[in-house]
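Structure first, commentary second.
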Amino acid sequence: MLFVVGVTHHTAPLEWREKLALSADALPAFSEQVTILPGLQELAILNTCNRIEFYGVASDPAALDALRDTFCAHQGIDSAAFDAMELRHTGAAVIHHLTAVSSGLESQLIGENEIFGQVKDAYANAQTTGKVGPILHKVFQKTFQAAKQVRTHTAISEGQVSIANVAVDLATSIFGDLSDARILLAGAGDIGEQSAKAFRSRGATALTVTSRTMDNAMTLAESLDGVALPFDKLPHHLAEFDIIVCATAAPGAILTRDALTVAMRKRPAAPLFLIDLALPRDIDPSTAEIDNVYLYNLDDLAKISNGNRAARVAETEKARQLISEKAATLWESLSRRKSSPLSRASRRS
Amino acid sequence: MTDREWIWIAAACYLAGVVIGTVALIRARKQPAGLIYGIIVAGFIFHTLGLYLRGLEVKGCPLGNMFEIFQFTAWSATALYLVVGITFRLSLLGYFTSLLSVVLSTVSLAIPVWDATRRVGTFGGNVWIEFHAALALFSYGVFALLALTSMMFLLRDHSLKNKQLSGFFSFLPSIRDLDQISVRLLTVGVVLLSASLLVGAAHWIRAFDTVNVAKLLITVAIWVAYGVAFLLRSRGKLHGTRLSWVCIILFGAALISVYPVNSSRHGDEASKPTLPSQL
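Listed in order, the protein sequences are those of chains A and B. For the first sequence, the numbering used here assigns the number 1 to the initial residue and increments by one for each residue that follows. For the second sequence, the numbering used here assigns the number 1 to the initial residue and increments by one for each residue that follows.
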């Protein structure tokens, strides 16, 4: 019998998922512990911040309860509490679920790509511990193919949904390749740091940090492998940057139209991308009227993010249809294998 | 098959590129760049064949009437796109190039009077004058492509300024890429047109009487306008949306100027032999 047992963000709140998550250190020991459960033939454990799921093949349905009890005992929680949050599927529904998970359809952020790597890791770990047999091998391999097709043939992964990544996408619409774009981060807070990291992840290398507190600027600059600029020197260096991310806690605008007009005279043909992530706003809104200046504030970025999110949601029905077709085909192929435990279970039922 | 029939087939290929590109845009899907490029290559081959046959018929570069001038301009723009498009991976430029080629080809094919008279040996056997004319029209092809990239720049600027980034706008290249391509095209166009005028001037000095003053003034005015735009861009005085508008308007003016230039030339060359129309 092919099965999945677990808990996900759909069924359990964060405080429960915290209790249920297996630490990286505990995972190998737990795997060893469940290996000897009677009737459990194959097992792969998907352990992320949003889900703990056990995919397996069992010759006896009692093995599922034994697995659940062993896990609850390991985590020190009551089995009854687990039952209240439990997700459990058997047969074709397992393939459907795993494909939906791998495609990002079951993720909190629909269409996100990280989950695909996490499922691959879960499969690789199970292979290492020798708990992957012919059934799980085929299920995972075919699921990876199906998930790739779902992402390719639908738009569930298109468009960025995090504010930082939306800003980076916009920057590529202006500059194309970001490797030579000079970026200034004004403000040493979390949101600015996230944006800077997002730029770094997309190839940006020239990063400068400025903050009203120079120590904070230097600390953040060091962690981002950038350089720090004294805040009072900012007006003299504005023209040197292609992208300026403002996220300070200043009570008023730190970049005025006059200052930016002067800066643009020094670089008239080069575009300037201004990202204002601060509340109250750091950049005078009228700067958007300057030729070659593109200004986006928090609301603008949120609107784009929400639009992309809605577009992804709109694609889920199409993705689910595709997944159903793929899962049905795979299940049929698995059930045809006469020697497999799945076909034996099918015949019994 | 006649030259015009080959050119009709070429126009049909370009139209197929436009239809495929439009369907992709309506469905908010990426342009099938490889397919459109392949279709444009096919169209270009048929176009070349058509113009080659016409060249054999008129015993020279086919630039003797409005039809031939429009066709040569469309052919030049397409030839350049085949290089630029693959170098800069501009799939949407392929769509716009197809559109431009369809418009230029179909309009000139659809107006019979433009091809009613075909002049044999328009350039009187003078290869330098023929080279001058071909170079000038090839530069017009470059300016046609420049007008397209300028239009794409304006669309991209509009989308970014107005926060309209989804659908069609999401497939446009970046502002900086478009600016760089436009500057290169402007440079190439100005160099080609200057070279053309230089070659023409060498002939003009030797045979002052043979040159129509109206044609000379219009051509020089176009050259000066593009030259000034190039100089201003080099000095950072003209850029962004203003440069884009200038390039579009100048190409419009260049296209319109073809008619008086062609008419004035035919006025001078009325004595040259003509072929009966095969429309």
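Backbone N, C-alpha and C define an ideal beta-carbon position, used for all residues, glycine too.
C-alpha distance - residue i paired with residue j, whole-angstrom precision
i: S101/B; j: T187/B; result: 22 Å
i: T205/A; j: L178/A; result: 8 Å
i: S105/B; j: S194/B; result: 26 Å
i: G55/B; j: C61/B; result: 5 Å
i: E240/A; j: E315/A; result: 42 Å
i: S103/A; j: L272/A; result: 37 Å
i: L279/B; j: L49/B; result: Confidence at L279/B is low in this model, with a pLDDT of 43, below 50, so its placement is unreliable and no value can be given for it.
i: C246/A; j: T99/A; result: 40 Å
i: A136/B; j: T78/B; result: 16 Å
i: F67/B; j: G189/B; result: 22 Å
i: H132/B; j: V227/A; result: 55 Å
i: G56/A; j: A73/A; result: 19 Å
i: A44/A; j: L207/A; result: 42 Å
i: E332/A; j: A147/A; result: 18 Å
i: A214/B; j: I222/B; result: 12 Å
i: Y81/B; j: R312/A; result: 35 Å
i: I254/A; j: V262/A; result: 15 Å
i: A328/A; j: Q145/A; result: 14 Å
i: T256/A; j: A225/B; result: 36 Å
i: I174/A; j: Y14/B; result: 30 Å
i: R156/B; j: A42/B; result: 29 Å
i: L27/A; j: A28/B; result: 44 Å
i: S346/A; j: S166/B; result: For S346/A, the pLDDT reaches just 46, beneath the cut-off of 50, and the residue's location in the model is therefore unreliable, leaving the point undetermined.
i: N216/A; j: A186/A; result: 11 Å
i: V185/B; j: R176/B; result: The identity of residue 185/B in the sequence shown is Leu, whereas the question assumes Val. Cα to Cα, L185/B sits roughly 14 Å from R176/B.
i: I244/A; j: I304/A; result: 19 Å
Candidates the options: closest to residue i by CA position
i: T219/B; options: F96/B, P260/B, A116/B, I205/B; result: P260/B
i: Q149/A; options: R320/A, L67/A, W331/A; result: R320/A
i: L136/A; options: R17/A, Q75/A, F54/A; result: F54/A
i: R4/B; options: A110/B, T78/B, G85/B; result: A110/B
i: Q366/A; options: L46/A, T129/A, R17/A, L109/A; result: Past the edges of chain A, shown from 1 to 349, lies residue 366/A, and the structure says nothing about it.
i: A302/A; options: D276/A, A73/A, V4/A; result: D276/A
i: V280/B; options: G141/B, F143/B, V224/B, N65/B; result: Outside the modelled stretch of chain B, which goes from 1 to 279, sits residue 280/B, for which no answer is possible.
i: T117/B; options: L63/B, V19/B, I181/B, F230/B; result: L63/B
i: A39/A; options: L87/A, M85/A, A21/A, S59/A; result: In the sequence under discussion, the amino acid at residue 39/A is Gly, which differs from the Ala named in the question. G39/A has its Cα closest to that of S59/A, out of L87/A, M85/A, A21/A, S59/A.
i: F72/B; options: S196/B, L51/B, L82/B, L231/B; result: L51/B
i: A188/A; options: I36/A, F231/A, T172/A, K318/A; result: F231/A
i: H10/A; options: R68/A, A84/A, E42/A; result: A84/A
i: A250/A; options: I191/A, R212/A, R68/A, G133/A; result: R212/A
i: V94/A; options: G6/A, A310/A, A80/A; result: G6/A
i: V19/B; options: H47/B, S98/B, G167/B; result: S98/B
i: L64/A; options: L87/A, L279/A, T128/A, E32/A; result: L87/A
i: G203/A; options: S107/A, D169/A, A269/A, E158/A; result: D169/A
Buried versus exposed call for residue i [16 or more other C-beta atoms within 10 Å across all chains shown]
i: W128/B; result: exposed
i: Y296/A; result: buried
i: T149/B; result: buried
i: V392/A; result: The requested residue 392/A does not occur in the structure, where chain A is confined to residues 1 to 349.
i: M1/A; result: buried
i: P276/B; result: With a pLDDT of 48 at P276/B, under the threshold of 50, the modelled position of that residue is not reliable, and no figure is offered here.
i: K266/A; result: exposed
i: L92/B; result: buried
i: P143/A; result: Strictly speaking, residue 143/A in this sequence is Thr, with Pro absent from that position. Classification of T143/A: buried, given that the 10 Å Cβ count is 16 or more.
i: M152/B; result: buried
i: G34/B; result: exposed
i: L197/B; result: buried
i: Q31/B; result: buried
i: C247/B; result: buried
i: K163/B; result: buried
i: D287/B; result: Past the boundaries of the shown model lies residue 287/B; chain B is included only from 1 to 279, so the question cannot be answered.
i: S201/A; result: exposed
i: A29/A; result: exposed
i: I26/B; result: exposed
i: V83/B; result: exposed
Closer than 8 Å to chain C by CB, residue i
i: K161/B; result: Looking at the structure shown, chain C is missing, and the protein chains on hand are A and B.
Discussion item. What are the residues in the region 224-248 of chain B lying within 8 Å of chain A by C-beta distance?
Written reply: R233, G236, K237, H239, G240, T241, R242
Complete runs of the beta strand (DSSP E) confined to the region 52-95 of chain A [at least 3 residues]
87-90
**Request:** For the region 49-103 of chain B, list the beta strand (DSSP E) runs that are entirely contained and at least 3 residues long, ordered along the chain.
**Result:** Counting only runs of 3+ residues, no beta strand (DSSP E) is found wholly inside the region 49-103 of chain B.
According to a CB-to-CB cut-off of less than 7 Å, which residues of the region 168-198 of chain A neighbour chain B?
T172, S173, I174, F175, G176
Q. Mind pulling the alpha helix (DSSP H) runs of 4 or more residues that sit fully within the region 167-216 of chain A?
A. 190-201
task = Residues of the region 289-307 of chain A with a CB closer than 8 Å to any CB of chain B: list them in chain order, please.
result = D291, N292, Y294, Y296, D300, K303, I304, G307
> Which full runs of the alpha helix (DSSP H) of 4+ residues lie inside the region 13-37 of chain A, going along the chain?
Replying inline: 14-20, 26-35
* Output the residue ranges of the beta strand (DSSP E) runs that lie fully inside the region 122-170 of chain B and measure 3 residues or longer, sorted by chain position. => As far as the region 122-170 of chain B is concerned, it has no whole beta strand (DSSP E) run of at least 3 residues.
Note to self: At 3 residues or longer, what runs of the beta strand (DSSP E) sit wholly inside the region 219-250 of chain A?
What the structure shows: 227-230, 243-246
**Item:** Near-chain A residues of the region 175-187 of chain B - C-beta to any C-beta below 8 Å
**Value:** I175, R176, D177, D179
Residues in the region 257-287 of chain A having any Cβ partner in chain B nearer than 7 Å:
Per Cβ criterion, the list reads P268, A269, P271.
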